[in-house]
Amino acid sequence: MSDSPLLVAPPDLARTYSGRAYSDPWDAVEDYQRVLEYSGRRPNAGGQAIASALSLPRGRVRPWLDGSIPRPVQGIQTAESHGWLPLSEDNEHFETINRLVAWVCSLGTIKPNLFTPYFRYRSDADRDRLEALLETLGLEPQPFRTDSGPRSAEISISEDGAVFGRLLVCLEAPTDDETIDIAPQYLNDVSKAAQSDFARVYVQNRAEHWEWNDRYVIEHANRSDRYRRSLATFFATLGADADVHEDAISIDRWFVEQLNTGSVNAV
12 MSDSPLLVAP PDLARTYSGR AYSDPWDAVE DYQRVLEYSG RRPNAGGQAI
62 ASALSLPRGR VRPWLDGSIP RPVQGIQTAE SHGWLPLSED NEHFETINRL
112 VAWVCSLGTI KPNLFTPYFR YRSDADRDRL EALLETLGLE PQPFRTDSGP
162 RSAEISISED GAVFGRLLVC LEAPTDDETI DIAPQYLNDV SKAAQSDFAR
212 VYVQNRAEHW EWNDRYVIEH ANRSDRYRRS LATFFATLGA DADVHEDAIS
262 IDRWFVEQLN TGSVNAV
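Set out below in structure tokens:
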């Protein structure tokens with residue numbers, strides 16, 4: 012049996028949905044399962060009988076018997092069909108998912124209402140790297156904006172993107188309307204190798220070389236001071252000499268080289 016902590020379970024994903032009649036969307040999943048199980052045991056039972064036996068409103072049970080599936084259930088089924096749930100470090104897809112959380116945190120966002128993730132990139136090489144990650148998960152990259160100047164181009168996901176975005180949110184990837192104050196906390200529960208993977212993507216995406224002091228700066232004016240301090244602490248636990256600045260953090264060149272990030276832009 013695996014000793015790796017469970018990072019995302021079906022109830023976590025369910026709770027990213029609106030519960031409508033339920034204060035806890037996971038209760039809808041459990042009620043749906045109860046209805047199907049009861050109907051399977053008693054195939055001749057009608058909607059009213061099942062509703063009475065399970066103490067559920069008949070108007071809720073009838074659509075489920077007719078084939079309607081609650082949205083939280085659909086999301087869980089989609090995630091499980093891709094092999095994303097349950098998610099621990101031992102999951103074969105964790106390495107890729109971890110890197111994509113780092114991508115959203117460093118150079119991306121998730122739309123809060125639709126949960127669609129958008130990943131920015133700054134070069135053709137970065138685009139190829141991003142598309143390879145998405146395709147590893149069986150996801151089809153979809154160009155969102157052509158680079159028309161100083162802003163980066165973006166890639167979204169053409170199918171099942173919203174479910175994947177919800178999975179990323181479960182791992183504390185930020186949404187557009189969210190001010191995050193701390194780096195994703197699941198990183199405390201994974202190996203140093205996984206933490207280094209996260210750091211490597213972050214540095215590849217956002218670090219630029221300060222030639223005057225031979226350090227690398229990660230500019231983050233779009234994040235709070237507390238988040239920048241949390242990010243600096245995270246890099247420090249991996250061995251970086253990390254400093255916090257007004258709108259950025261900086262890390263030493265030796266640490267970047269140890270991450271084997273390749274070339275980054277000099278300023």
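In the working numbering, the protein residues as written are 12 to 278. A virtual CB, placed ideally from N, CA and C, is assigned to each residue, including glycine.
{"Asked": "For Y238, the nearest candidate out of E222, V228, V255, G250 (CA to CA)", "Found": "V255"}
{"Asked": "Residues that DSSP places opposite I262 in a beta bridge", "Found": "Y227, A253"}
{"Asked": "CA-to-CA distance, L76 to P152, given in whole angstroms", "Found": "36 Å"}
{"Asked": "Per-residue burial, D208 [other beta carbons within 10 Å of its own, 16 or more giving buried]", "Found": "buried"}
{"Asked": "Straight-line gap, L111 to L144 (C-alpha atoms, nearest Å)", "Found": "8 Å"}
{"Asked": "Distance between V40 and A60 (C-alpha atoms, nearest Å)", "Found": "20 Å"}
{"Asked": "C-beta contact flag for S99 and L182 at 8 Å", "Found": "no"}
{"Asked": "Test item: CB-CB of V174 and Y227 under 8 Å", "Found": "no"}
{"Asked": "Rounded Cβ spacing between V7 and Y43 (contact assumed at less than 8 Å)", "Found": "It is not possible to answer for residue 7, since the shown part of the chain is limited to 12 through 278."}
{"Asked": "Among D187, L178, D258, nearest to A20 - alpha-carbon criterion", "Found": "L178"}
{"Asked": "Cβ-based burial, D137 [other Cβ within 10 Å; buried from 16]", "Found": "buried"}
{"Asked": "Which listed residue (K203, R264, G78) has its alpha carbon closest to that of A251", "Found": "R264"}
{"Asked": "Member of V46, P81, F126 whose CA lies at the smallest distance from the CA of R69", "Found": "V46"}
{"Asked": "Reduced DSSP category for A218 - H, G, I as helix; E, B as strand; rest coil", "Found": "strand"}
{"Asked": "Between the CA atoms of G58 and T120 - distance to the nearest angstrom", "Found": "43 Å"}
{"Asked": "Same chain, Cβ closer than 6 Å to Y197, five either side skipped, listed in chain order", "Found": "L18, L182"}
{"Asked": "Of the residues A56, S79, D225, H231, the one placed nearest I305, counting alpha carbons only", "Found": "Residue 305 falls outside the range modelled here, since the chain spans only 12 to 278, and no answer is possible."}
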